[in-house]
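This report concerns only the one structure given below.
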């Protein structure tokens, strides 16, 4: 062991870090019954989406609501109207990664709608009095908490100003041993 290696020490630092992540895509069908029997669907929109994230067991619950607006014709396509309904939901997103050494008392959770609720299909029900709305939505969630990180330190400090530090990849400089599964897609 070199003399420089003998003076290095290991320290644990407590820091806030992303300690859990998850993502969930879902499709759900809602049934809306307008005041008149629809003849045809002229349009369907989802507006006023609001949500919040709360920790729940091994996952994060996304609790929210949105309004469905359906523009439809009735009375043999002679009149139109808009049916409105507010939908409330609870979506459990499991965490695909959780740091087992995080401090549970410091957990903070958040959710991001990577795909806002969107109507992908609107059809008149078999009885002719209701409309079936197929909605797609996707959430990415994170849990931030305090955790320990281990670092190597030189208790004697450094004699230089750090400008001569060598951060090169070595002689070959290639990335063949790099595990691509560990890379973030969001960079």
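In UniProt numbering, the protein residues as written are 1 to 187. In this text, a Cβ means the ideal position worked out from N, Cα and C, and glycines have one as well. All of these numbers come straight from a predicted model, not from anything done at the bench.
Looking at the DSSP output, residue 92 shares a beta bridge with 61. Taking a C-beta distance under 9 Å as the contact criterion, residue 137 and residue 63 do not qualify as a contact pair. It is roughly 5 Å from the alpha-carbon of residue 32 to the alpha-carbon of residue 131.
Ranked by how close their Cα comes to the Cα of residue 42, the residues 79, 108, 71 have 71 in first place. Of all alpha-carbon atoms in 118, 95, 68, the one lying nearest the alpha-carbon of residue 57 is that of 95. Between residue 40 and the set 78, 19, 12, the nearest pair of CA atoms involves 78.
Put simply, the region 93 to 112 touches the region 139 to 153. At least three CB pairs are less than 8 Å apart. For residue 20, the enclosing beta strand (DSSP E) stretches over residues 9 to 32. Within the region 118 to 163, the complete beta strand (DSSP E) segments of 3 residues or longer fall at 131 to 153, listed in chain order. Between residue 26 and residue 50, the beta carbon gap of about 17 Å keeps them out of contact (Cβ cut-off 8 Å). Residue 91 and residue 23 have their alpha carbons spaced roughly 11 Å apart. With fewer than 16 other Cβ atoms inside 10 Å of its own Cβ, residue 100 counts as exposed. Taking C-beta atoms as the reference points, residue 151 and residue 10 count as a pair closer than 9 Å. Residue 20 places its beta carbon 9 Å or farther from that of residue 120. When the five nearest sequence neighbours on each side are left out, the beta carbons in the same chain lying within less than 8 Å of the beta carbon of residue 8 are those of 152, 153, 154, in order along the chain. For residue 37, the closest C-alpha among the options 74, 80, 102 is that of 74. Per the DSSP secondary-structure output, residue 113 pairs in a beta bridge with 139.
In the DSSP annotation of this structure, the continuous segment of the beta strand (DSSP E) that includes residue 39 starts and ends at 38 to 56.
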